[in-house]
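Numbering (our numbering), first residue to last: 36 to 376. Only one structure is covered here, and it is reproduced in the block below.
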């Protein structure tokens, strides 16, 4: 295996008969360097295969211009749209994003926290795993006053900065919509209740039932990890129960779509026999038949707001007031899965 190239700014300076400081400024697009010199230096750097040592640079400048990002899975539609918002907004401010996936495990989440701390990122954005019950393992950032912002999923009792959707209202709107469509026996697919999202969506569901004098039935609550397979298993149990529910509020679109597919296998018509509402407004909600009524929670905008918040904390601008706990409004998107023509 060939040894990695160790071309330095001194090699570029020697090749162009320039000072190392001029080369350094040119590579950083410093306005003190004229366009001709900057272009010449950057062209030579590319030809020689120069790769900047950003770790060494960050030690010198005490700034890496890199933000760490921990998400459960990049394949989740909501997270992919949030990441897009984060990436675009960070680029506007001259920051790069390094992403790590926890794969919904606390062990991997802990490992990523220590990795990003070791990499000396300027700040950390994080979405807690579904099974994260505390924020203890984020203490390297908290104790060293390195900006930490949670978005979407936030550990219970986390006292710091957070960006969330209005999950209580989302759960309420979804359930109220089903009630207004005539449903009286409404099941709920919830995520694990150690997670703030699913606590709040369940609370909204219960509040809507209470408002319309429908008794809460614990037998209609199915708690699982909201994957396609887990939802299919829960759907099989629900669809063979007696009496059948006439409505389902699922805490994400993945489990709602899985339920609709399983209902089709059981020859149960949606929405005639059971009306369904999901959560997130995933692409799948628009292409499933019937199309899925869902709750929009603005993933892209939430990502933008999250990175804007962490950058404000990094820059420590006393003239900018940073909202500690920002809550995005949500919106019901009615479609065919809950509406009779």
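Glycine is no exception: its CB is placed at the ideal position from the N, C-alpha and C atoms.
Asked: 8 Å Cβ cutoff met for residue 101 and residue 147; Found: no
Asked: Backbone secondary structure at residue 259 - three-state DSSP; Found: coil
Asked: Cβ-based burial, residue 167 [other Cβ within 10 Å; buried from 16]; Found: buried
Asked: Residue 276 in three-state terms, based on DSSP; Found: coil
Asked: Rounded straight-line distance, which links the Cα of residue 112 to that of residue 181; Found: 29 Å
Asked: Any alpha helix (DSSP H) of 4 or more consecutive residues that is wholly inside the stretch 166-194; Found: 174-178
Asked: Residue 149, buried or exposed, once every other Cβ within 10 Å from all chains shown has been counted against 16; Found: exposed
Asked: Test item: CB-CB of residue 137 and residue 175 under 8 Å; Found: no
Asked: Residues near residue 193 by beta carbon distance below 7 Å, same chain, minus five either side; Found: 170 and 185
Asked: Residue from 201, 283 and 229 with nearest C-alpha to residue 254; Found: 283
Asked: For residue 297, the residue or residues it bridges with in DSSP; Found: In the DSSP output, where bridge partners are listed per residue, residue 297 has none listed.
Asked: Start and end residues, alpha helix (DSSP H) containing residue 47; Found: 44-51
Asked: Validate contact between the stretch 190-205 and the stretch 213-226 using beta carbons, cut 8 Å, 3 pairs; Found: no
Asked: Identified DSSP bridge partners for residue 223; Found: 256 and 284
Asked: Residue nearest to residue 241 in terms of C-alpha spacing, selected from 329, 139, 219 and 99; Found: 219
Asked: Boundaries (first-last residue) of the alpha helix (DSSP H) holding residue 113; Found: 112-127
Asked: Rounded separation between residue 246 and residue 117 - CA only; Found: 33 Å
Asked: Any 3 or more C-beta pairs closer than 8 Å across the stretch 343-350 and the stretch 118-133; Found: yes
Asked: Euclidean distance between Cα positions of residue 291 and residue 222; Found: 11 Å
Asked: Residue 135 - DSSP class collapsed to helix/strand/coil; Found: strand
Asked: Pick from 361, 328 and 338 that is closest to residue 161, judged by C-alpha positions; Found: 338
Asked: Residue 367 to residue 208 span [Cα, whole Å]; Found: 7 Å
Asked: The stretch 306-320 / the stretch 138-145 touching (three or more Cβ pairs under 8 Å); Found: no
Asked: C-alpha gap between residue 153 and residue 121, whole angstroms; Found: 22 Å
Asked: Residues of its chain near residue 212, where Cβ-Cβ distance is below 8 Å and the 5 sequence neighbours each way are ignored; Found: 312, 328, 367, 369 and 373
Asked: Helix, strand or coil at residue 331 according to DSSP, with G and I counted as helix; Found: strand
Asked: Straight-line Cα distance separating residue 188 from residue 231; Found: 6 Å
Asked: N-terminal and C-terminal residue of the alpha helix (DSSP H) that residue 204 is part of; Found: 202-215
Asked: Pair within 8 Å by beta-carbon distance, residue 55 and residue 45; Found: yes
Asked: Boundaries of the alpha helix (DSSP H) in which residue 152 is found, first to last residue; Found: 141-153
Asked: Residue 244 to residue 215 span [Cα, whole Å]; Found: 11 Å
Asked: Delimiting residues of the beta strand (DSSP E) encompassing residue 68; Found: First-last for residue 68: undefined, no H or E at that position.
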